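These protein sequences, in sequence, are chains A and B.
Quick note, our numbering runs 18 ahead of the 1-based positions in the first sequence.
Quick note, our numbering runs 2 ahead of the 1-based positions in the second sequence.
Beta carbons are placed, not taken as given, at the ideal position from N, Cα and C, and that holds for glycine.
All values reported here derive from a predicted model rather than from experimental measurement.
Okay, structure first, notes after.
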Amino acid sequence: MIQKKICMVGLFGTGKTCLVQRYVHSIFSNRYLSTVGVKIDRKEVQVGDQTIKLMLWDLEGRDGVRDVNASYISGAHGVIYVVDGTRPETLDGVYDIRNNVTSALGEIPSVVAFNKTDLTDSWKLDESDETGVGTRGMHGFRTSAKTGDGVEDAFQWLAQATLKNGGK
Amino acid sequence: MAVAIKSFGLTDKGKIRQTNQDNFLIVDIRKSVLIRHTSLPKEALSREFGSADAHLFVVADGVGGGPRGDRASEATVAALLEYASETVDLFNGVDSPNEQSLFDRLEDRVREVHQALLDEYGRQPGQSPATTLTMVLLIWPRAYLVHVGDSRAYVRRGGELQQLTRDQTLGEYLISSGTWTEEEAARSRPGALLSSAIGGPTLEPTVGLIDLDPGDSIMLCTDGLTKHVKVKRIAELMENAADVEGVARKLVDEALANGGTDNVSVIVVTAVQ
């Protein structure tokens, strides 16, 4: 079976672990437990007539740290950058992290998850923020780990993109 | 940077239980190559032989109240000891594709023990002996974790103690799914039931990893420690973590002094510069 390593990256508290929990286990918790190191989950997805095993590397997001441990992302086939739509600074953080990832891995399929869309009253991003990621070679999805909106689409798109990008 | 891995493990049956169903294991795995003389540059040597050690640390807590919990924890620890000899090919570093293979092999071994227990004792809930498992395979600087049940692994870095594992209990599951609050889980006895165990009705190993820095410590323990010693106190007792034996003894002593109602096992590991 084809395996693809997908890294979840982003600043502290953006919802990386919640997105994986929603996608893999269909659950959501309001309780915040920070990830230490890397937590790895797996999920098999169907893309056309091929089954892909996604290895989801959920990387710790550290407060104020806009770098990423190069050894954790080594060999990744795709990246999901997670932005908290109620905290615009987390989008700036993603751009910094993206530069580091690209330096280490070159251009690989990338999704930006504009997460926490359920928090409509606190949403701080505007349309240009969301379309802006497209000009930087990434594909944006609005997601809510709480309701599940957009989550499946984001992972499925990335799975498909990694397959198109080749390398088995 | 040269780093020495110091470790010490300890187990005690506690003050109430008649038997000790915990088991622990510390293994240093070495591939020894002695170079007498060479014209090769130092960099080439370190690439080939630079990280020739691996270390395996395991704690397993046989489920009390069930049949032969000691058998389950023994079988699990023994199976991982056998696994240790298979890791020799990984000593020169694990590249990305092989990393998945390492996890797969570790998880396969855990599932084999689980299956063997079910085959031997039966598949009905409560028939088979069951155990928790928390293990770390350290191939410096990377620590690979496999975890089942409510034993725990912590990392101490820069004076801060952080939990690496999440308890696999009914209470934790119901909190995670939003059904219970933490207070409700703490009040409820069923909250402590394992939602995943080797030999139990459900097995869902979780895996993860962390790259360690010199000076970091890892502590593995069974719940005989954490039910009697609060995390804040554990952090205090781990302050001089380079003294791995002293810290392990202090942790176990404190668990016993605070009631010792369960078997307690502790492994303390420190990367010393």
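Beta-bridge annotation (DSSP): B:Asp-14 is paired with B:Val-266. Here B:Met-137 is buried: its Cβ has 16 or more other Cβ atoms, across all protein chains shown, within 10 Å. Counting C-beta pairs closer than 8 Å gives fewer than three between the segment 161-173 of chain A and the segment 6-17 of chain B, which falls short of the contact rule. Under the 7 Å criterion on CB atoms, B:Leu-58 is classed as non-interfacial with respect to chain A. Proximity of chain B to A:Asn-87 at the Cβ level (cut-off 9 Å) is accounted for by Asp-213, in chain order. By the CB criterion at 7 Å, B:Leu-196 and B:Gly-202 fall inside the cutoff. A direct Cα-to-Cα measurement between B:Thr-171 and B:Ser-179 gives close to 12 Å. For A:Glu-148, the enclosing alpha helix (DSSP H) covers residues 145-153. Membership of A:Thr-180 in the alpha helix (DSSP H) is indicated by the continuous run 169-182. Taken atom to atom, the span from the alpha-carbon of B:Ser-130 to that of B:Ser-75 is near 12 Å.
Counting of Cβ neighbours within 10 angstroms places B:Ala-259 among the exposed residues, the total staying below 16. Look at A:His-157 here: in three-state DSSP terms it is strand. Near chain A, meaning a CB-to-CB distance below 8 Å, the residues of the segment 149-178 of chain B are Val-157, Gln-164, Gln-165, Leu-166, Arg-168, Ile-177 and Ser-178.
Around the C-beta of B:Lys-252, 16 or more other C-beta atoms lie within 10 Å, and the residue is accordingly described as buried. Identification of chain B residues near A:Gly-55 by a Cβ-Cβ cut-off of 7 Å yields Leu-166, Gly-210, Leu-211 and Ile-212, ordered along the chain. Apart from sequence neighbours up to five positions away, the residues of its chain that approach A:Leu-77 with a beta-carbon distance below 8 Å are Cys-25, Met-26, Val-27, Lys-34, Thr-53, Val-56, Val-86, Asn-87, Tyr-90 and Ile-91, ordered along the chain. Counted as a single uninterrupted DSSP element, the stretch harbouring A:Lys-22 is not any alpha helix (DSSP H) but the beta strand (DSSP E) occupying residues 20-27.
By the criterion of at least three beta-carbon pairs nearer than 8 Å, the segment 103-121 of chain B is not in contact with the segment 18-31 of chain B. The closest CA to that of B:Leu-82, considering only B:Gly-64, B:Leu-42, B:Leu-135 and B:Gly-173, is found on B:Leu-135. Per DSSP, the unbroken beta strand (DSSP E) holding A:Ser-128 starts and ends at 128-133. Going by C-alpha positions, B:Arg-113 is about 13 Å away from B:Val-209. Residue contact check for A:Ser-47 against chain B: a CB pair falls below 7 Å.
Distance from the CA of A:Ile-70 to the CA of B:Val-65, rounded to the nearest whole angstrom, comes to 36 Å.
Your pair B:Ala-250 and B:Arg-158 does not check out as a contact, with CB atoms roughly 13 Å apart and the cut at 8 Å.
Counting the other Cβ atoms within 10 Å of the Cβ of B:Gln-117 gives fewer than 16, which makes it exposed. Between B:Tyr-156 and B:Met-221, the C-beta gap is smaller than 7 Å, which places the two residues in contact.
According to the DSSP assignment, B:Leu-196 belongs to no alpha helix (DSSP H), since it is labelled neither H nor E. With a contact defined as Cβ atoms closer than 8 Å, A:Ala-179 and A:Thr-161 miss out at about 16 Å. B:Lys-234 carries a helical assignment under DSSP once its states are collapsed to helix, strand and coil. Three or more beta-carbon pairs separated by less than 8 Å link the segment 221-238 of chain B to the segment 262-270 of chain B, which places the two stretches in contact.
Residue-level contact by beta carbon fails for B:Gly-193 and chain A, as no gap is shorter than 7 Å. Spanning the alpha carbons of A:Asp-136 and B:Phe-59 requires a straight line of approximately 43 Å. A:Ile-91 carries a helical assignment under DSSP once its states are collapsed to helix, strand and coil. Neighbourhood of B:Gln-102 in chain A, by CB distance below 7 Å: Gln-21 and Met-73, in chain order. Straight-line measurement puts the Cα of B:Ala-56 at about 32 Å from the Cα of B:Glu-122.
Three or more beta-carbon pairs separated by less than 8 Å are not found between the segment 103-114 of chain A and the segment 35-44 of chain A, which leaves the two stretches without contact.
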